[in-house]
Each structure stands twice: as structure tokens, then as C-alpha cells.
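All remarks here apply to the structure that follows.
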Amino acid sequence: YDVSNQADRYAVRSRPVEVYLNSNRRDLSSSHYFGVYSFMEKIKRGDDRVDIARMTPEDNEEPEVTGGYIFKIDRSNDPGDITVAAPGAGTVVLEYPKEPTGQQRAWLSAQLGRMNSALSRPDPLDLGRDFIDVDSWIDHHILMVFPKNVDAFRLSGYLHVSRGGTVIRGPIWDYDRSMGSTDGRDRDPLAWANSGGDGGTRYFVNDWYGRLFKGTQVDAAGPPPLGDDEWAVRYRARWRELRGGPLGTENLL
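Following this line, the structure appears as C-alpha cells:
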């Protein structure tokens, strides 16, 4: 999360804390020690969080209906979850607004459909740049691949849309299965693909990224064979920039 903020991509603020759980209201002692936890914000709309316009039930016509929205690629676990059809990714779970109108859900679904169609062209950014914030999509992908997030682009993947704007990737979220966790698929820092188990995420194929990387199949032995289209050129340039800053070896250590 710190690295994301250093790369000028908002991530929730967090701090490590030592937790004592005193449920019996007796004098606090070492017996109440519960361990080290990460105390952090939730992903919410706000001027100092996900900075998008506030939506009301009256915002059913353009331009008001165009945003803002926060949604995620994830399982629909809660009975109260509101899902929206998302061509190219199945369905997404709508996080904001909490009580969307039918017009708002229909607009978002239609916009994702138009985005999916644009990204399906031979040059995905030919029309795709009208629908996605390209720089945020590149940064988000790198921030998932670099630590080998096993759940990337399948679970807990947040996106948002500003009013009258494009689809922005992020904020990043959910890194419990990354960087050599007990999951096991994220233990080789020299490999490009997850290994073991069900293989985890296919980083260059899953959801709409498959359109941008043109469905590139990547094995653990080497990086993806990126071409010379605009997406590939911008991706390589940003990778080099981040490696010279927030993702530089000295900074990470």
C-alpha cells in the first residue's frame, strides 16, 4: 500500500498495531495479547479516499448518471450484494452507490459493454482510451504482478468511474496471498506466473487485461512477449520508471 501511494495511486492508509483483546474487563495483562494486525481504512468514496462524485437517486440522466461508481471483480457473498453485468468479466459487485437505481445499474453495465467492445479491436487502445484510464490500468497491473498476488484480477479487484470520466483501476486491495505467503503459489520471486495448486492468476489473460495483452500465454520461465503496440510501449516505459523509483530495489529493501 505504501508503494502504491508512492507511485501516486491512492491506497488505503494503514499502520501495524499490537492488539490486546480484553473481553473479560479484567486488568490488562500479557494473557490478553492477540498479535500484530494491520489497522487500515476501508475503500470508500471521499475527497481523501476514492475521489469521485457523490451519487443520489435522482442522478439518472447524463451527465450525472455517468459517475461516480466503485465496483469490484469478486465473488458475490453477501445476500445484499448488488451485481452488474460486465461483458468481458461476467459480473461485478457494485460497492458505490449502495442503493443504485435501475438506470444507474443499466448505464454502468452498458458502459462496460462499450468498453469491452473497444478493447476487443486489433489495436485495443484505438478506441479503448476513450473508456479506460490507461495509466491507472498499467500501474494496477504492475502492482499485482510484482508481488505475485495470487488473487489478482479474480478477487477483490476494485475499479471506479469518475463522473464523465473513464474506468480507473484501483485502489489496490487484498494482498494476503502474495510475496511468499502460506498459499504456496507466490513463492518464486523470479517467475512471471504463479506456480503450484491451480496456478492462481493468469496475469496476462484474466478479465479485460486479456484484450490488452492479446491473450498472451505466459509460463514461469520468462516475461510475456509484448509487441510494439501503444499498450506495450507505454507498459514497458512505466515499468522502467517505477523500477527507478517506488519499485527500485533500494526503496523496497
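Just so you know, the numbering used here puts 182 at position 182 of the sequence shown, and the rest follows in order with no gaps.
Think of the CB as a built atom: it goes at the ideal place given N, C-alpha and C, for glycine as much as any other residue.
Nearest-angstrom beta carbon gap, residue j and residue i [assumed within contact, 8 Å]
i: residue 11; j: residue 242; result: Not a contact, Cβ separation roughly 14 Å.
i: residue 203; j: residue 145; result: 5 Å
i: residue 153; j: residue 209; result: 6 Å
i: residue 70; j: residue 1; result: Contact doesn't hold; Cβ gap of about 17 Å is too wide.
i: residue 62; j: residue 49; result: Not quite, the Cβ-Cβ distance comes to about 25 Å (not below 8 Å), so this is no contact.
Identity of the residues DSSP links to residue i by a beta bridge
i: residue 112; result: Looking at the DSSP assignment, residue 112 forms no beta bridge with any residue, so it has no partner.
i: residue 72; result: 93, 158
i: residue 12; result: DSSP lists no partner for residue 12.
i: residue 38; result: 16
i: residue 83; result: 93
i: residue 243; result: DSSP lists no partner for residue 243.
i: residue 168; result: 160
i: residue 203; result: BP columns for residue 203 are empty, so no partner.
i: residue 235; result: Note: residue 235 sits in no beta bridge, so no partner.
CB contact flag (residue i, residue j, <8 Å)
i: residue 116; j: residue 87; result: yes
i: residue 100; j: residue 82; result: yes
i: residue 134; j: residue 67; result: no
i: residue 212; j: residue 124; result: yes
i: residue 38; j: residue 14; result: yes
i: residue 43; j: residue 171; result: yes
i: residue 142; j: residue 239; result: yes
i: residue 176; j: residue 155; result: no
i: residue 185; j: residue 233; result: no
i: residue 105; j: residue 92; result: no
i: residue 129; j: residue 52; result: no
i: residue 139; j: residue 45; result: no
Neighbour-count burial assignment, residue i, 16 or more Cβ in a 10 Å radius
i: residue 111; result: buried
i: residue 178; result: buried
i: residue 56; result: exposed
i: residue 249; result: exposed
i: residue 246; result: buried
i: residue 237; result: exposed
i: residue 94; result: buried
Exercise. Pick out the complete beta strand (DSSP E) segments inside the segment 126-163, 3 residues or longer, and give them in chain order.
Key: With a minimum length of 3 residues, the continuous beta strand (DSSP E) runs that stay inside the segment 126-163 are 157-161.
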